[in-house]
Structure formats: C-alpha cells, structure tokens
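My numbering applies: residue -13 is where the sequence shown begins, and numbers increase by one.
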Amino acid sequence: MTRNGIGIRTAQVRQERLVGQIHVYDGVGKGKSQAALGVVLRSIGLGINTPSNSNRVLLLRFLKGPERDYDEDGAIAALQRGFPHLIDQVRTGRAEFFGHDEITTFDRDEAMRGWDVAKGAIASGLYSVVVLDEINPVLDLGLLAVDEVVRTLKSKPQELEIIATGRAAPQQLLDIADLHSEMKPLHHPTAKALFLEGIEIYTGAGKGKSTSALGKALQAIGRGINHPGSTRVLIMQWLKGGTGYTEDAAIAALQQSYPEVVDHQRCGGDAIVWRNSRQELDYVEAERGWEIAKVAIASGLYKTIILDELNPTVDLELLPVEPIVQALLRKPRDTEIIITGRCQNPPAYFDLASIHSEVYCHKHYANQGVELKRGVDF
C-alpha cells in the first residue's frame, strides 16, 4: 500500500538501538537548547520507570553562569530533589553575551572548567546522556580547542548519547555528528502587522520539534514553580495515543508535586496515521484534542500551551484550519502557544507566528537505518 502524507512515529514496541549517537543542534533559529531540555525530560522519565541507575543525565551548560536565573531552573531543581540519582546539572561561564573582542581570562577558565567536567563525565560510564549546552559558540569563540573536543567525543563510550547545542557549530564537529539539525528562522509579516506575539511554530524534517516543545514546557513549569501563580502549562499531544512515551513519567512526577502548574493530555490511536489509512477514531480523537485545546486557549487559565503535532494533524485533514486560525487570533495576549510537527502544506495559521523555526535535517541516524532509542527519540 502506498503511504501518502505525513506519518508520525508512535511509541509502539519496537527494536531499539543500544549504541549512543552524537547530536548537534545549531542555527540562528530558536529551539536548540529547548530541544536538549526535551531530551533531558525524556531521559529522566525513562529512568523513573527503570530500577537501575542506567539512565542518568548530565546537563552541562556553558555560557550560563549561576548568577542569572533561567526559567527552567525550578523544574530541574524539582526533578533533582525527587530523583537525585537521575540528573546532575553544572553551569559555567558568565550569563551575559560577549563577542570575540570581549573574552577575558575568566571566560577561558570557566570554559575549561566545564570541559573538565565533560571529559570526566564522558569517561565515567555513569551517564546515558551528556548534554553540552552552548558548547558550539564556546568552540566558535576559541575558548576550547576544537580538535580536543572532537577527539574526546569520537572516543566516547559506545552507549553514551551526546547532545551539543548552540550557534556556529564548527565543521569538525558536524563531520562526526550522527544527527545534525539546523534551526532556521522564518519571518511572517502578517504577525508583525497585526502585533501578534506569543505564537511559536517548530516544523521541518529535522529532529528537535517535539523536544523543543517539551523543553519549552519544562521552562514554563519551572517558571511556575519559581513564581507560584505566574504560569500554568498545558501539554496537548496529537497522534500520540497509547503508552510508552518516556517523558510521561517525568511530567507526571512534576504534576504530582505541582498539580496547579501542569496538565498533560494525549489523543490519537497507538498507530501511525497515513492519509490513505485514516480511521474514524483518528477524526474523533483529533477533534477531542482540539476541543480541549480550544477551551484552554480561550480560558486564559494557561500561560503556556503546547500543541504538539498539531501541524501533521491538520496536514492529514483530521482538523480544519479556520477554527485554529480564529482561536489563535483571539488568544489572550499573555498566553504563549507552541505548535509543532511536519507538514507538506503550510496551513494559514503559520502567518500568525511571531517565532517560527524550520528544523532542517542535514543528518539523521534514522535515515541510515539506525533504530530509535527510548528515552531520547520517544
């Protein structure tokens, strides 16, 4: 049977890989660090349901010194308190932006301190995932030797997953990457003309769309934890029914501790939907999800709403476009809407986006026949 349109991989039981990959997220568009945070959330969720300590994560953040607060800090701290055996976080550098002509001895020392931690973590065998957040600009600034970083990553333990983020990834790093997603910004004059803000879209063939949304959710949850009453988060996911999604356990843990901060809903069947295999249940579930989302948008109760895989749901003609456009036009100004997913035919609501990142796929291990990995890819 010929498959037409967009199909979304589900968390059905499948063979999964054991060999870790090297991921690079770069580009000038938004979503790079968010994608890394989304993988952290998945990995922690996998570890919660796994009795061993084999799913420990190191979140190493360059150029994000501790003197500045970040939105996600509250959620990360909450997960550390609840699951100290699953996540470590190290922050290095100063928090403000600086260029090549503003580098200080402190910047070099902090970059080296972070790299010393990274080398120890990679060699230790204690971690399943090591995130090197913003290491790309560190390398571009010349604060670390690219040759040494590349040599260390090439000799990593076989099962270890490495995630490198930030603008201006050097070519030597891209050459050894198994996955390279570039976030490219797209601009919509309509949104600017209408003074629309708070609508973000992540689309494209590269990996990082849903994980960027999960990272955004983690940031919003952290903001709500740090500043009670400031935000409430809804994570609404289409085409991802059933069980087996590893982020669920971490989100559920945060829900249990902070029920006033986060809600999470899934809709759809536990099977890939193609245009020529749509079932009545697919339409019913898509509409059910939209009814939940529509009320949440209009209510003003949620300050951050994730509409994960809405784009392919519309592309598959499971939902009409116009009601979505109208709901977005009428949303409260202080409500953020994050929409994700591939689509072959960009719907009209793309014109309303104040932030739009096209995740361009330069490399993806799945295209080389490498299996997906639980706790990283789903």
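Glycine included, C-beta positions come from ideal geometry on N, C-alpha and C.
Do you know offhand how far residue i's Cα is from residue j's?
i	j	result
G368	L220	Residue 368 is absent from the model: the chain starts at -13 and stops at 364.
G60	I207	8 Å
G100	L44	12 Å
E53	R80	8 Å
E134	M98	12 Å
W224	P306	14 Å
L49	V124	8 Å
Q241	G210	12 Å
Y335	P214	32 Å
G228	R252	8 Å
P332	T299	12 Å
T78	P171	28 Å
G51	E96	9 Å
G6	Q312	44 Å
Q75	V103	11 Å
I148	E303	37 Å
A239	V117	22 Å
A122	A155	In the sequence as displayed, the identity of residue 122 is Asn instead of Ala. About 5 Å.
F92	D126	17 Å
R(-11)	N262	Residue placement at R(-11) cannot be trusted, given a pLDDT of 47 that sits under 50; what the coordinates show is reported in the next sentence. So the two alpha carbons sit approximately 7 Å from each other.
A203	L129	31 Å
E233	T197	10 Å
D363	V247	25 Å
A279	Y188	18 Å
I237	A199	13 Å
A282	I310	13 Å
A163	H348	10 Å
D12	D55	23 Å
M(-13)	Q330	Caution is warranted here: a pLDDT of 36 is assigned to M(-13), below 50, making its placement in the model unreliable, and no coordinate value can be reported.
I108	E145	11 Å
L372	K359	No statement about residue 372 is possible, as the shown extent of the chain runs from -13 to 364 and does not include it.
G152	D119	7 Å
L46	L65	16 Å
E357	G230	16 Å
H350	L160	12 Å
R42	R264	39 Å
W260	P245	36 Å
H250	A63	20 Å
V25	N212	22 Å
Under a Cβ-count criterion, where at least 16 other Cβ atoms within 10 Å of its own Cβ denotes burial, should residue i be classed as buried or exposed?
i	result
L315	exposed
G106	exposed
N35	exposed
G201	buried
V(-1)	Below a pLDDT of 50, predicted positions are generally treated as unreliable, and V(-1), at 49, falls in that range; the measurement from the model is reported next regardless. Flag for V(-1) reads exposed.
D301	buried
Q157	exposed
H9	buried
A177	buried
Q205	buried
G413	Because the chain spans -13 through 364 in this model, residue 413 falls outside it and cannot be assessed.
N353	exposed
T90	exposed
R67	exposed
E277	exposed
L267	exposed
G111	exposed
S29	buried
S114	buried
A22	buried
A284	exposed
E308	exposed
Bridge partners of residue i, per DSSP?
i	result
C347	S167
L225	Looking at the DSSP assignment, L225 forms no beta bridge with any residue, so it has no partner.
Y188	T326 and S343
P43	Position check: residue 43 holds Val in this sequence, whereas Pro was assumed. Answer by DSSP bridge pairing, in chain order: I73 and V115.
H250	I221
S290	In the sequence as presented, Ser is not what sits at residue 290; that position holds Thr. In DSSP, T290 forms a bridge with V219 and E322.
L23	For L23, which the question treats as bridged, DSSP gives no partner whatsoever.
A150	V10 and L118
L172	H342
Cβ of residue i versus every heavy atom of the ligand ZN: is any distance shorter than 7 Å?
i	result
K193	Ligands displayed in this structure: none; no statement on the ligand ZN is therefore possible.
- Evaluate the contact criterion for the region 276 to 293 versus the region 309 to 324: three or more CB pairs, one atom per stretch, below 8 Å. For the pair of segments examined, the region 276 to 293 was found to touch the region 309 to 324: the number of CB pairs separated by less than 8 Å reaches three.
- Unbroken stretches of the beta strand (DSSP E), 3 residues or longer, contained in the region 69 to 123: Within the region 69 to 123, the complete beta strand (DSSP E) segments at least 3 residues long are 73 to 77 and 115 to 119, listed from N- to C-terminus.
- Should the region 75 to 87 be called in touch with the region 253 to 265, which here means at least 3 C-beta pairs below 8 Å? No, the region 75 to 87 is not in contact with the region 253 to 265.
- Quick check: the region 3 to 23 against the region 338 to 348, are there 3 or more CB pairs under 8 Å? Yes, since at least three Cβ pairs between the region 3 to 23 and the region 338 to 348 fall closer than 8 Å, the two stretches touch.
- When the Cβ atoms of the region 137 to 147 are set against those of the region 304 to 320, are three or more pairs found closer than 8 Å? No contact exists between the region 137 to 147 and the region 304 to 320.
- Indicate whether the contact test is met: 3 or more Cβ pairs, each with one atom in the region 189 to 200 and one in the region 157 to 177, closer than 8 Å. Pairwise C-beta distances place the region 189 to 200 in contact with the region 157 to 177, as three or more of them are shorter than 8 Å.
- Item | Touch test, the region 271 to 280 against the region 175 to 189, Cβ-Cβ under 8 Å, three pairs minimum | No: the two stretches stay apart, fewer than three of their Cβ pairs being nearer than 8 Å.
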